[in-house]
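Line by line, the protein sequences give chains A and B.
Quick note: the first sequence uses full-length UniProt numbering, first residue 1, plus one each step.
Quick note: the second sequence uses full-length UniProt numbering, first residue 1, plus one each step.
Backbone N, C-alpha and C fix where the C-beta goes; we use that ideal spot for every residue, glycine too.
All values derive from a computational prediction rather than experimental measurement.
Right, one structure below, let's go through it.
There are 2 protein chains.
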Amino acid sequence: MSRGATPVDPDDGLTTKERRNRPVLMVNTGDGKGKTSAACGVALRAWAQGWPIGVYQFVKSAAWKPGERDALLALGELRGDVTWERMGTGWSWSKATDPSDARAAAVEGWEAIKAGLAEERHRFWLLDEFTYPVARGWLDLADVVDTLASRPGTQHVVITGRGCPQEIIGIADLVTEMSKIKHPFDKGQRGQAGIEW
Amino acid sequence: MSRGATPVDPDDGLTTKERRNRPVLMVNTGDGKGKTSAACGVALRAWAQGWPIGVYQFVKSAAWKPGERDALLALGELRGDVTWERMGTGWSWSKATDPSDARAAAVEGWEAIKAGLAEERHRFWLLDEFTYPVARGWLDLADVVDTLASRPGTQHVVITGRGCPQEIIGIADLVTEMSKIKHPFDKGQRGQAGIEW
């Protein structure tokens, strides 16, 4: 929490209220645990504000059914507007793309996000594991950077994934690196329900 | 996610099922953002498993009303069992302790957690900002370590806060350090609703 005096006085011509409503681009990167779970924790704050939330998971596996998806969709049904899309099962809007073609699916997902950002479809966007299709060169990095940097309105965007390209870190407002100090995996223990998914 | 082959074969005499149900002690520490939000993201997974959840916030300010609290309590009302206690307003069970006496309140909170661990009150515990009363010497570190290390059953515990004592890291299963790469605070921007709370 960062609610005390700030180290420098901002010189941006904005009122405090305007400054508190600036769109934030957040990146959770690094090799440690907690990138997606922290993004989902922030999504809870967005939900509590009543903001429309869109989660786009750039993962291949259709078998991946994380508990945070159940929880956020349940919250969306209760109150608000939560969209959760997964590349692995095929995007819900897509009829054309074979979901097993990860590259084509990633491109199609990004095109939909671009269109959604242009029309301010959500107030809070979570692009989960989005660094991978970018780092692999499946998406055009300059296009990603331009689109994110010029997005209209007050749309907050959180990007997760290892190895976030420096060009995205360059335009981000808030970047956190999650580093592993210790993980049960190193001792031969796999992930557990309720902890890792 | 850690579901592939592990780097070593465990030599613990447990079956895979037993190993997947081992109690986990998790620590989110470091100076960066995401310690509490990642813990809340993991709480969503615990909720999706139907586990009783207990959150104990060791923060002083009664004014701190994070969105993740609203969200998790809403989920608990929908289905399951979510307890959320805050030191700042006085623990709900406490009539005796003045909540402005942070040290006494922290001691009282820890005593209740000890009793709760002994009777396996929750399956998932979040001790938020718990490193502070420990690091300040308000709680007996040896007692904290012994109690956590010998907790009965399959109780998962997540501890958050900067500067986690090495003795707790020593008994933890999963430790992540959140490091700040970039934060708007450095440019004079304070926290924002929906992002920081």
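Next item on the list: Return the chain-ordered ranges of every beta strand (DSSP E) run that is complete within the segment 50-99 of chain B and spans a minimum of 3 residues.
Entry: 53-57 and 82-86
Notebook entry, point to check: Nearest-angstrom Cα distance between B:M26 and A:C164?
Noted result: Within the second sequence, numbered from 1, the residue matching residue 26 of chain B stands at position 26. Within the first sequence, numbered from 1, the residue matching residue 164 of chain A stands at position 164. Going by the C-alpha atoms only, they are around 25 angstroms apart.
Check: Does DSSP put B:W138 in a helix, a strand or coil?
Finding: For the purposes of this step, residue 138 of chain B is taken as residue 138 along the second sequence, with counting starting at 1. Three-state DSSP puts B:W138 in coil, outside helix and strand.
Checklist line | In chain order, each alpha helix (DSSP H) run of at least 4 residues that lies wholly inside the segment 123-170 of chain B | finding: Considered as a whole, the segment 123-170 of chain B harbours 131-135 and 141-149 as its complete alpha helix (DSSP H) runs of no fewer than 4 residues, in chain order.
Note to self: On the CB-based measure, 16 or more other CB atoms within 10 Å of its CB, does B:P133 come out buried or exposed?
What the structure shows: In the second sequence, the residue the question calls residue 133 of chain B occupies position 133. The residue is buried, with at least 16 neighbouring Cβ atoms inside 10 Å.
Notebook entry, point to check: For chain B, is any of its Cβ atoms less than 8 angstroms away from the one on A:T176?
Noted result: Translated into positions along the first sequence, residue 176 of chain A becomes position 176. Yes, its Cβ sits closer than 8 angstroms to a Cβ of chain B.
Next item on the list: Just grab the DSSP bridge partners of B:E177 for me.
Entry: Residue numbering aside, residue 177 of chain B sits at position 177 when the second sequence is read from its first letter. According to DSSP, B:E177 bridges with A:S179 and B:T29.
Checklist line | Helix, strand or coil at A:V107 [DSSP, three-state] | finding: Taking the first residue of the first sequence as position 1, residue 107 of chain A is located at position 107. In this structure, A:V107 counts as helix in the three-state DSSP scheme.
Next item on the list: Compute the distance between the beta-carbons of B:T83 and B:V42, then report whether it is under 8 angstroms.
Entry: For the purposes of this step, residue 83 of chain B is taken as residue 83 along the second sequence, with counting starting at 1. For the purposes of this step, residue 42 of chain B is taken as residue 42 along the second sequence, with counting starting at 1. Cβ distance not < 8 angstroms, so B:T83 and B:V42 don't count as in contact.
Check: Is the beta carbon of B:A38 less than 8 angstroms from the beta carbon of A:G34?
Finding: Your numbering for residue 38 of chain B matches position 38 in the second sequence. Your numbering for residue 34 of chain A matches position 34 in the first sequence. Yes, the Cβ-Cβ distance between B:A38 and A:G34 is below 8 angstroms.
Item checked: Cα-Cα separation between A:A149 and A:A112, rounded to whole angstroms -> Translated into positions along the first sequence, residue 149 of chain A becomes position 149. Translated into positions along the first sequence, residue 112 of chain A becomes position 112. When rounded, the distance between both Cα atoms is 17 angstroms.
Check: In whole angstroms, what is the alpha-carbon distance linking B:E85 and B:P52?
Finding: As a working mapping, residue 85 of chain B is identified with position 85 in the second sequence. As a working mapping, residue 52 of chain B is identified with position 52 in the second sequence. Distance between the alpha carbons of B:E85 and B:P52 is about 14 angstroms.
Item checked: Classification of B:P152 by the beta-carbon crowding that lies within 10 angstroms, buried from 16 upward -> Looking up residue 152 of chain B in the second sequence gives position 152. So B:P152 ends up on the exposed side.
Check: Is the beta carbon of A:T29 less than 8 angstroms from the beta carbon of A:R162?
Finding: Sequence index remark: in the first sequence, residue 29 of chain A carries index 29 (1-based). Sequence index remark: in the first sequence, residue 162 of chain A carries index 162 (1-based). Result yes, Cβ atoms of A:T29 and A:R162 sit closer than 8 angstroms.
Notebook entry, point to check: Where do the ends of the alpha helix (DSSP H) carrying B:A48 lie?
Noted result: Position 48 of the second sequence, counted from the first residue, corresponds to residue 48 of chain B. Counting along the chain, the unbroken alpha helix (DSSP H) around B:A48 starts and ends at K35 to A48.
Next item on the list: Would you tell me roughly how many angstroms separate the C-alpha atoms of A:W125 and B:I171, rounded to the nearest one?
Entry: Looking up residue 125 of chain A in the first sequence gives position 125. Looking up residue 171 of chain B in the second sequence gives position 171. Approximately 36 angstroms, taken between the alpha carbons.
Checklist line | Other residues of its chain near B:A106: CB distance less than 7 angstroms, five sequence neighbours each side excluded | finding: As a first step, residue 106 of chain B is located in the second sequence; it is residue number 106 there, counting from the start. Counting only Cβ-Cβ distances below 7 angstroms, and skipping sequence neighbours, we find F58, M87, P133, W138 and L139.
Next item on the list: Using a threshold of 8 angstroms, state whether the C-beta atoms of B:L117 and A:A71 are closer than that.
Entry: The sequence position of residue 117 of chain B within the second sequence is 117, counting from 1. The sequence position of residue 71 of chain A within the first sequence is 71, counting from 1. Cβ distance not < 8 angstroms, so B:L117 and A:A71 don't count as in contact.
Next item on the list: Look up B:G116 in the DSSP assignment and say whether it is helix, strand or coil.
Entry: Numbered from its first residue, the second sequence carries residue 116 of chain B at position 116. Three-state DSSP puts B:G116 in a helix.
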